[in-house]
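Visitor:
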Amino acid sequence: MPTGRELVRAMLEECGLEPLTDDATLITAELLGNAIRHGEDVVLLVYVDRERKLNVQVWDPGPGEPRVGAPEELDEGGRGLMLVEALADEWGSMPDVLGGKVVWARVG
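In the numbering used here, the protein residues as written are 4 to 111.
(1) Cβ of Gly-111 within 7 Å of Cβ of Leu-23?
(2) Tell me the DSSP secondary structure of Gly-19 in three-state form.
(3) Please state whether the Cβ-Cβ distance between Gly-83 and Glu-17 is less than 7 Å.
(4) Taking buried to mean at least 16 other C-beta atoms within 10 Å of its own C-beta, is Pro-98 buried or exposed?
(5) If you run the structure through DSSP and keep just helix, strand and coil, what is Leu-83?
(6) Around the Cβ of Ala-13, are there at least 16 other Cβ atoms within 10 angstroms (buried) or fewer (exposed)?
(7) Please report the distance separating the alpha-carbon of Tyr-50 from that of Gly-19.
(8) If I follow the unbroken alpha helix (DSSP H) through Asp-36, where does it start and stop?
(9) If Gln-60 sits next to Val-100, beta carbons under 8 Å apart, how far is it from one beta carbon to the other, in whole angstroms?
(10) Using a Cβ-Cβ cutoff of less than 8 Å, which residues in the same chain neighbour Glu-43 once the five nearest sequence positions on both sides are dropped?
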């Protein structure tokens, strides 16, 4: 089974959007990493929309909205959503009607 990064890389290649690969794979890894840290199960949905932008959506059962951290200089973590915010054209989250939340990002 491919990893999230491999899935995104293959999709971008198939769609001729290889220039997005570095940013998109990092965004995917950060969103998946956060979801895995905060929940047992995660679901990844990746697609290219009509505007040829990559959409990454990650569902996890954890409550609450993700927040961009303000880590201290020597902290080892807490920068994932800062990277997503810097690299994505837009990103956000929404509660899921069945519980948990979906965190999403668009890049392109």
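From the three backbone atoms N, C-alpha and C, an ideal C-beta is built for every residue, glycine too.
Guide: Reading it off the structure:
(1) yes
(2) coil
(3) no
(4) Taking a 10 Å sphere around the C-beta of Pro-98, we find fewer than 16 other C-beta atoms and assign the residue as exposed.
(5) According to the sequence as given, residue 83 is Gly; it is not Leu. Helix, per DSSP.
(6) So Ala-13 ends up on the exposed side.
(7) Spanning the two alpha carbons is a distance of roughly 13 Å.
(8) First, the residue type needs correcting, since residue 36 is Gly and not Asp in the sequence shown. Segment 24–41, the alpha helix (DSSP H) holding Gly-36.
(9) That belief does not hold up - the Cβ atoms of Gln-60 and Val-100 are roughly 15 Å apart, past 8 Å.
(10) Pro-64.
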